[in-house]
Structure formats: C-alpha cells, structure tokens
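J.:
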Amino acid sequence: MVCLGNICRSPLAEGILKSKLPNNKFIIDSAGTAHYHIGSPPDKRAIAVAKKYGLDISGLSGRQFGVADFDTFDYIYVMDEYNYNHVIALARHENDKDKVKLILNEIYPNQNYDVPDPYYGGSEGFENVYKLLDEACSTIAKSLL
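Under my numbering, think of the first position of the sequence shown as 37, with each following residue one higher.
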C-alpha cells in the first residue's frame, strides 16, 4: 500500500487489508513515495478512524517505498496517479510494472480514480477514505482467498 507520506491513506489500507486476511499467509505493508514521515506514526485522525472501526494502526511506522519492495511484494497498490507514476518510475522492468495497481480500480475497474488525500481536511475526509479503502480491500481480500 503506497501513498505520499505513509501517514494517512496507506497505513489505513494496510490495517484494513490485514484485518481481512490471515496474517500467517500474507505480508501486508505500507510505504510512502516521499521521505517526509520516515519513522513517524500514522496521522492521529487516521488512527482515530481506524479505531472507530475496531482497528489499531497506532503501532505502524512510516517508511519510504524502495526498489526492493518490487522483490518483496506480489501486488503494489497505490492511492493515486501521482504515486503510481513515482512507483512506476522506480520499476526495473515490465514484471515490476505489472505489480503496480491503483487501489480504487479494484472497485471501479479501469476508471483510475484517486483516493483523496485527507491530510489537509477534517475528520470527515478520513471517514470517506476509510470507506473507500474498506470496500477496495474487501475486493482484494476476496480475490486472494
């Protein structure tokens, strides 16, 4: 799960997908394309909305996406076109590129919608993002099980 800073959308997506899949069969992680929040916990509003739905993401820590992630993960879900382009630019070959997907294409195929960045908005933006990611992660989980 990849967004810009790895403190809002991608840690929410990580927590949501982890809650839907058996943890002994899948490695689920999140990262940001930027280095701004390396080592930082998720945004307090992301933690709050996750907690509202019974998830604890407070222990997650921001990290930056790197080329090695292409070797570690079979699927790389990005939150928006900007981060999609950033991750694709790091790809070494077509196999890397084939792993990268816009997460909302899971529920809106081929529409290339962005998950809105709630960082500069209020808590209602985090609620909206949670609901979008929950639906997308449900679809992802069904396809993997």
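Where is the CB? At the ideal position from N, CA and C, for every residue including glycine.
According to the Cβ coordinates, are Leu57 and Leu169 closer than 7 Å?
T.: no
J.: Quick one: give me the first and last residue of the beta strand (DSSP E) that Tyr113 is part of.
T.: Ile112 to Val114
J.: Are at least three pairs of beta-carbons, each pair with one atom in the segment 81-88 and one in the segment 157-177, less than 8 Å apart?
T.: yes
J.: Have a look at Glu130 and Met37 and give me their C-alpha separation to the nearest angstrom.
T.: 19 Å
J.: Would you kindly report the start and end of the unbroken alpha helix (DSSP H) that includes Val165?
T.: Ser159 to Leu180
J.: In the DSSP output, which residue or residues are listed as bridge partners for Cys39?
T.: Gly68
J.: Pull up the distance between the alpha-carbon of Tyr120 and that of Glu142, whole angstroms please.
T.: Each residue's alpha carbon lies about 15 Å from the other.
J.: Which ranges would you report for the alpha helix (DSSP H) in the segment 98-158 if only whole runs of at least 4 residues count?
T.: For the segment 98-158, whole alpha helix (DSSP H) runs of length 4 or above, ordered along the chain, are 105-108, 117-126 and 130-134.
J.: Could you pull out every residue in the same chain whose Cβ sits closer than 8 Å to the Cβ of Ile63, ignoring the five residues on either side in sequence?
T.: Thr108 and Phe109
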